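For the sequence shown, the positions run 1157 to 1497 when the numbering used here is used.
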Amino acid sequence: MNFYTTGELLKLPNQNWLIRHILPETGLSLLFGPPGEGKSFVALDWALSVSAGLPWLGDYPVKHGHVVYIAAEGGQGIKKRVAAWMMHHEIEKLPNITWFLEPLNFREEDAVETFMALLRKRFTTEAVYEDGAVIPVPFVSIRLIVVDTLSRSFGGEDENTSAAMTSFISEIEKFSHEYGAAVLIIHHTNAVGARERGHSSLKGAVESSFHVTALKEEGMMKVITVENNKQKDDKDEGEVHLRPLRVKLTGLPRDEEGQVLTSLVLERTSADEGLEDALALVAGALGGVRKGLTSREVEKVGMDADIGRNTVRKAMAQGVKDKMFRVVRGPHNSVIYKLEV
């Protein structure tokens, strides 16, 4: 146990970052979003940036270190994404990352201890790289452990129960408390897509939290929005907007039909990207309802079309500014949006 005087408390180090203003250097962080809306692409981009020592998006400095990526959902399919990232960033080798391609039940007793013991063994005796040289990686160099996803690491228990979630958190926190690594948990949203799935104790336990949504066109992701909705000891970072780019993987064998494999990488884009589509969606929704729609009803239209809430809100504000929409007061002083005629 450690006790501190006030003077000692004030001398404690400030918040340190693994990715500046994004991921704290220690503790749990949460990245969640609906299925198929880019959360694993974002997590992989963060992990590979730390592993390679490259600033994320060229704007967010990282602390270079070893990453352990538990790809419990997707398995070997992650290979294409990694190859695309390396090609896009012109990187030939990534020695500072270890992949685990199967589920790990963190609700089992001693799961973390067993996992870390196997990592120690690998780092001291089995670190063999592409050129055949054996170069052990120091165990203490691990900076980030990614758990992708929570549901595949929960042992089939009910995520909505306090006891099960508390047990999961207690076990996974050992990565940070006992081994000094930051932990990033990838998770799904609840049924309405507004928040992370499961018991609220998860949100309370994390240092930072990010909600990922995607604007889609004909089923394809057009713009991915990363919304920081919690930084425990700092101000929330502003939204980050990303554009997926398709990369041809000419360095990998072709598929069974002889076609070149492809995958996506992410690059930064402006907040206005996709706003035109959101404006058109809102206008169409308002045009079909003479009495207008409340802001909550308009946001629901956006969610049903896989458009993030903040993008819809920006479209609503832009539409009012451009005099496409008008705002009136409804029952109980509610705000109603109508199409301007």
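Backbone N, C-alpha and C fix where the C-beta goes; we use that ideal spot for every residue, glycine too.
Predicted, not measured: the structure shown is a model, and the values here were computed from it.
Q: Tell me, to the nearest whole angstrom, how far the beta carbon of S1185 is from that of V1339; I am working on the premise that it is less than 8 Å.
A: Yes, they are in contact, since the Cβ atoms of S1185 and V1339 sit about 7 Å apart, within 8 Å.
Q) Looking at C-alpha atoms only, which residue of D1411, N1385 and A1441 is the closest neighbour of L1179? A) Minimum Cα distance to L1179 is reached at N1385.
Q) Taking the DSSP output, what are the residues bridged to Q1387? A) DSSP lists S1364 as partners of Q1387.
Q) Quick one: complete alpha helix (DSSP H) runs, 4+ long, within the segment 1426-1453? A) Counting only runs of at least 4 residues, the segment 1426-1453 fully encloses the following alpha helix (DSSP H) elements, listed from N- to C-terminal order: 1431-1443.
**Q.** Euclidean distance between Cα positions of I1325 and V1497
**A.** Cα to Cα, I1325 sits roughly 54 Å from V1497.
Q: Could you tell me how far apart the beta carbons of R1485 and K1494 are, in whole angstroms, since I believe they sit closer than 8 Å?
A: About 11 Å; that fails the 8 Å criterion.
Q | Residue-chain proximity (G1163, chain B), Cβ-Cβ < 9 Å | A | This model lacks chain B altogether, as it is built from one protein chain only.
Q: Could you tell me which residues DSSP puts in a beta bridge with S1419?
A: In DSSP, S1419 forms a bridge with V1403.
Q: For A1436, count neighbouring C-beta atoms within 10 Å of its own C-beta (all shown protein chains included) and say buried if the count is 16 or more, exposed if not.
A: Result: exposed.
Q) Do R1399 and E1423 have their C-beta atoms within less than 9 Å of each other? A) A contact, by the Cβ cut-off of 9 Å.
**Q.** Range covered by the alpha helix (DSSP H) that runs through V1476
**A.** First-last of the alpha helix (DSSP H) with V1476: R1465 to K1477.
Q: Output the distance between the C-alpha atoms of N1489 and T1450, rounded to the nearest integer angstrom.
A: Answer to the nearest angstrom: the Cα atoms are 11 Å apart.
Q. Which two residues bound the contiguous alpha helix (DSSP H) that contains L1260?
A. Element bounds for L1260: n/a, residue is neither H nor E.
Q. Alpha carbon to alpha carbon, what distance is there between P1169 and M1376?
A. M1376 and P1169: Cα-Cα distance of roughly 44 Å.
Q.
Spatial neighbours of T1425 within its chain, please: C-beta separation below 7 Å, excluding the five flanking residues on both sides.
A. Cβ neighbours of T1425 beyond the five flanking positions: V1379, H1397, L1398 and R1399.
Q) How is the beta strand (DSSP E) around R1299 delimited, first residue to last? A) From DSSP, the beta strand (DSSP E) with R1299 extends over I1298 to D1304.
Q.
I need the DSSP call for R1410, collapsed to helix, strand or coil.
A. Coil at R1410, not helix or strand.
(Q) What does the alpha-carbon distance come out to for the pair G1475 and R1469? (A) About 10 Å.
**Q.** CB contact flag (I1099, E1229, <9 Å)
**A.** Not covered by the structure: residue 1099. The range shown for the chain is 1157 to 1497.
**Q.** C-alpha distance - N1466 paired with T1270, whole-angstrom precision
**A.** Approximately 42 Å, taken between the alpha carbons.
(Q) Using CA atoms only, rank isn't needed, just tell me which of D1392, D1314 and L1210 is closest to H1177. (A) Nearest C-alpha to H1177 among D1392, D1314 and L1210: D1392.
**Q.** Whole-angstrom distance between A1471 and M1459, CA atom to CA atom
**A.** Taking the straight line joining both Cα atoms gives about 13 Å.
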